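K.L.:
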Amino acid sequence: MRGWFRQATFAAIASVSLISAALADKPKALVSAKPHRLAIQVDQNDPAVMNLALNNATNVIEYYRAKGEDVDVDVVTYGPGLHMLRVDTSPVLDRIKSLKDSAFPSKIQFSACNNTKEGMEKKEGHPINVLSEAVIVPSGVIRLIELQEKGWSYVRP
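At position 9 of the sequence shown the residue is numbered 8 (numbering that gives the first Met the number 0), and the sequence of numbers has no breaks.
(1) When we look at the beta-carbon of S110 and count the other beta-carbons within 10 Å, is it buried (16 or more) or exposed?
(2) Over the uninterrupted beta strand (DSSP E) stretch that includes V179, give me the two end residues.
(3) Quick one: complete beta strand (DSSP E) runs, 3+ long, within the stretch 32 to 67?
(4) Does DSSP put K106 in a helix, in a strand, or in coil?
(5) Excluding five sequence neighbours on each side, which residues of the same chain lie with their C-beta closer than 8 Å to the C-beta of K99?
(6) Who are the near neighbours of V134 in its chain, counting only those whose CB is closer than 8 Å to its CB and skipping five residues on each side?
(7) Can you tell me where the beta strand (DSSP E) with S152 in it begins and where it stops?
(8) Tell me, which residues are paired with V129 by DSSP?
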């Protein structure tokens, strides 16, 4: 029986070693499947803040791309920050289009607050058009709450 026990122990140790070696050869992204997700808030009509938000998004995407990992980024605009996504007032229109095109395989979304949009339309007396790269969400603040409740990281530049 002792010989059988030694053989079984040796076989178990060898199996664990082989499995460990196989996992060590896998890229970390395959072993650790925790997603990277970042929500960035923009609530100011300030080109410096808008550019800082885009710099943050670009840097995060490039960092994870260099590691062979993807990241989801959502730039959420509301209040005066909605100007970032307005066709008629965005000072960062070209940067948004460029970042949207270059983000793949990561994903970037630009969320525009519908509450703010409707308020601006009422005040200005005409429809407000947002960039085609933007997604209209019911409320920017609610969007941020829901993303954070789902485990997204949050940055306010």
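The beta-carbon is built from N, C-alpha and C at its ideal position, and this holds for glycine as well. This one's a predicted model, so the numbers in the text were calculated from it and none came from an experiment.
P.N.:
In short:
(1) The count along the sequence shown starts at 1 and reaches residue 110 at position 111. Here S110 is buried. Its C-beta has 16 or more other C-beta atoms within 10 Å.
(2) A question about residue 179 goes unanswered here, because the residues of the chain that appear run from 0 up to 156.
(3) Runs of the beta strand (DSSP E) inside the stretch 32 to 67: 36 to 41.
(4) For the purposes of this step, residue 106 is identified with residue 107 of the sequence shown, where counting begins at 1. Here DSSP, grouped into helix, strand and coil, assigns K106 to strand.
(5) Counting from one through the sequence shown, the residue named residue 99 turns up at place 100. The residues are I107, F109, E132.
(6) The sequence position of residue 134 within the sequence shown is 135, counting from 1. Same-chain partners within the cutoff: Q108, F109, S110, A111.
(7) Walking along the sequence shown from the start, residue 152 turns up at place 153. Boundaries of the beta strand (DSSP E) harbouring S152: 152 to 154, taken from the DSSP string.
(8) Counted from its first residue, the sequence shown places residue 129 at position 130. Bridge partners of V129: R85.
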